[in-house]
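Undergrad: After the structure tokens below, expect a handful of questions from me.
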Amino acid sequence: MLTAERRQFILEILRRDKKVLSTELSAVLKVSEDTIRRDLRELAETGLLQRVHGGALLKSPATASYADRQKQAPKEKEAIARTAAKLVCTGQVVILDGGTTTLQVTRHLPLGLHATVITNSPPIAVALAEHPHIEVVMLGGQLYKKALMNVGTVTIETLRMIRADLCMLGVCSLHPEVGISVPNLDEAHVKRAMIAGSAEVVGLVTAEKLDTAAPYLVESIHALTYLVTAPTVSNNMLSAYKALGLTIIRDEHE
1 MLTAERRQFI
11 LEILRRDKKV
21 LSTELSAVLK
31 VSEDTIRRDL
41 RELAETGLLQ
51 RVHGGALLKS
61 PATASYADRQ
71 KQAPKEKEAI
81 ARTAAKLVCT
91 GQVVILDGGT
101 TTLQVTRHLP
111 LGLHATVITN
121 SPPIAVALAE
131 HPHIEVVMLG
141 GQLYKKALMN
151 VGTVTIETLR
161 MIRADLCMLG
171 VCSLHPEVGI
181 SVPNLDEAHV
191 KRAMIAGSAE
201 VVGLVTAEKL
211 DTAAPYLVES
221 IHALTYLVTA
231 PTVSNNMLSA
241 YKALGLTIIR
251 DEHE
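Below, the structure is given as structure tokens:
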């Protein structure tokens, strides 16, 4: 088998099984594990997968620019946002993490809602500027341009002073074994601080981000109180998350 054919086979197995193991690929393809590791390394360098210990997982689509991510799965994000907005209660202090799905949440918060929203996302702060009863607290920091969110020491230090009732976490990658991960180290530190300062954490996850991984770990799956996803996501796809005791919310009426 030619190198290109072998790597195409690896990608086909990855898409089918959502993960590949070096030992199994070595046995099936009858090549050394060193050869498989080299294949995985070069496929990772082209952005086609995420290497992990012993093999590889699907790579998160969240590496795209903010503008491109706004075009990804718009109907799914709309359904997730509509469901997630129902979790916000009057009088709460809510952290809205940066992201295109969390931005959608702002569009479904009732006009009669009285709450405080803390965010590191300039687009979210602007979207809530006209809401009559929501107080908006904008977290400072360095703008991470690719994701349009503030990160860094200033962001984290401010979050350490906050005790929120609820955090709506923008999830780049979610995997039952790896947990929550992101493509940027500064973003990982900010998300970790958001989780630490919140009584409940809601992960907003589209189907394409399930069973994927990114380079920087935020927390384990158990950091989430709820996982909100679209009604089109199959029970089979969610079975591993349910087995870990995660409460999954889908609006079956969408």
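Residue numbers (full-length UniProt numbering): 1 to 254. Each residue gets a CB set at the ideal place from its N, CA and C atoms; glycine is no exception.
#1: Determine the closest residue to M161 out of H108, L113 and I95, with distance taken between C-alpha atoms.
#2: For V137, which residues of its own chain have a beta-carbon under 6 angstroms away from its beta-carbon, when the five flanking residues on both sides are left out?
#3: Check whether the segment 162 to 179 touches the segment 191 to 199, taking contact to mean three or more Cβ pairs, one atom from each stretch, closer than 8 angstroms.
#4: Classify N236: buried if its beta carbon has 16 or more other beta carbons within 10 angstroms, exposed otherwise.
#5: Report the option in V218, V202, L210 and E177 whose CA atom is closest to the CA atom of residue 262.
#6: Check this for me: beta carbons of R250 and V228, under 9 angstroms apart or not?
#7: In three-state DSSP terms, what is V171?
#8: Entirely within the segment 73 to 138 and at least 3 residues each: give me those beta strand (DSSP E) ranges in chain order.
#9: Between which residues of its own chain and H133 is the CB-CB distance below 8 angstroms, once the five residues before and five after are set aside?
#10: Measure how close the beta-carbons of L103 and S121 come, nearest whole angstrom, since I'm counting them as under 8 angstroms.
#11: I'd like to confirm the pairing. Which residues does DSSP put opposite I249 in its beta bridges?
#12: For L169, verify whether its CB is less than 8 angstroms away from any heavy atom of the ligand FAD.
#13: May I have the straight-line CA-CA distance separating E254 from E33, to the nearest angstrom?
#14: Please confirm whether I248 and Y226 have their CB atoms less than 9 angstroms apart.
#15: What residue range does the alpha helix (DSSP H) around L25 cover?
#16: In the DSSP assignment, find the alpha helix (DSSP H) that holds residue 316 and state where it starts and stops.
#17: Determine the contact status of P176 and A243, defining contact as a CB-CB distance below 9 angstroms.
#18: For Y216, write down the residues that DSSP places opposite it in a beta bridge.
#19: Identify whether A67 lies in helix, strand or coil by the three-state DSSP scheme.
#20: Please report the distance separating the alpha-carbon of K145 from that of T158.
#21: Using the C-alpha atoms, what's the distance from G91 back to P61?
#22: Please determine, among V105, V202, I80 and M194, the residue with the shortest C-alpha to C-alpha distance to A127.
#23: Please state whether the Cβ-Cβ distance between L148 and P123 is less than 9 angstroms.
#24: Let me check one thing: in DSSP terms, what residues is Y144 bridge-paired to?
#25: Based on DSSP bridge pairs, tell me the residues matched to Q50.
#26: Considering K18, what are the terminal residues of the alpha helix (DSSP H) in which it resides?
TA: According to the structure data:
#1: Working through the sequence shown from its first residue, we reach residue 161 at position 161. When only C-alpha atoms are compared, the closest one is I95.
#2: Here residue 137 refers to the residue found at position 137 of the sequence shown. So the qualifying residues of the chain are I118.
#3: yes
#4: The sequence position of residue 236 within the sequence shown is 236, counting from 1. Flag for N236 reads exposed.
#5: The requested residue 262 does not occur in the structure, where the chain is confined to residues 1 to 254.
#6: Counting from one through the sequence shown, the residue named residue 250 turns up at place 250. Counting from one through the sequence shown, the residue named residue 228 turns up at place 228. Yes, these two residues count as a Cβ contact at 9 angstroms.
#7: Start at 1 with the first residue of the sequence shown, and residue 171 comes out as number 171. Of the three classes helix, strand and coil, the one that applies to V171 here is coil, per DSSP.
#8: 93 to 96, 115 to 119 and 134 to 138
#9: Locating residue 133 in the sequence shown gives position 133, counting from the first residue. So the qualifying residues of the chain are L111, G112, L113, H114 and A115.
#10: Within the sequence shown, residue 103 is the residue found at index 103, counting from 1. Within the sequence shown, residue 121 is the residue found at index 121, counting from 1. About 7 angstroms separates the two Cβ atoms, so the contact holds.
#11: Reading the sequence shown from its first residue, position 249 is the one you call residue 249. DSSP lists V228 as partners of I249.
#12: With respect to the ligand FAD, the structure offers nothing, as it holds no ligand at all.
#13: For this step, residue 254 is matched to residue 254 along the sequence shown. For this step, residue 33 is matched to residue 33 along the sequence shown. Because the pLDDT at E254 is just 45, under 50, the model does not fix this residue reliably, and the value given afterwards should be weighed accordingly. Distance between the alpha carbons of E254 and E33 is about 47 angstroms.
#14: For the purposes of this step, residue 248 is taken as residue 248 along the sequence shown, with counting starting at 1. For the purposes of this step, residue 226 is taken as residue 226 along the sequence shown, with counting starting at 1. Contact: yes.
#15: Against the sequence shown, residue 25 aligns to sequence position 25. Here the alpha helix (DSSP H) through L25 covers S22 to L29.
#16: The structure shown does not extend to residue 316, since the chain spans only 1 to 254, so no value can be given for it.
#17: By 1-based counting over the sequence shown, the position of residue 176 is 176. By 1-based counting over the sequence shown, the position of residue 243 is 243. Yes; because the gap between Cβ atoms is below 9 angstroms, this pair is in contact.
#18: By one-based count along the sequence shown, residue 216 stands at place 216. Per DSSP, V182.
#19: Residue 67 sits at position 67 when you count from the first residue of the sequence shown. A67: helix per DSSP, three-state reduction.
#20: Numbered from its first residue, the sequence shown carries residue 145 at position 145. Numbered from its first residue, the sequence shown carries residue 158 at position 158. Near 20 angstroms, if we compare the C-alpha coordinates of T158 and K145.
#21: Stepping through the sequence shown from its first residue, residue 61 is reached at position 61. Stepping through the sequence shown from its first residue, residue 91 is reached at position 91. Cα-Cα distance, rounded: 35 angstroms.
#22: Translated into the one-based positions of the sequence shown, residue 127 becomes position 127. Among V105, V202, I80 and M194, the Cα nearest to that of A127 belongs to V105.
#23: Numbered from its first residue, the sequence shown carries residue 148 at position 148. Numbered from its first residue, the sequence shown carries residue 123 at position 123. In this structure, P123 lies closer than 9 angstroms to L148 by Cβ.
#24: Indexing the sequence shown from 1 puts residue 144 at position 144. The partner list for Y144 (beta bridge, DSSP) reads M149.
#25: To locate residue 50, count along the sequence shown from 1; it is residue 50. Answer is L57, bridged to Q50.
#26: One-based indexing of the sequence shown puts residue 18 at position 18. Unbroken run through K18: none, as it is neither H nor E.
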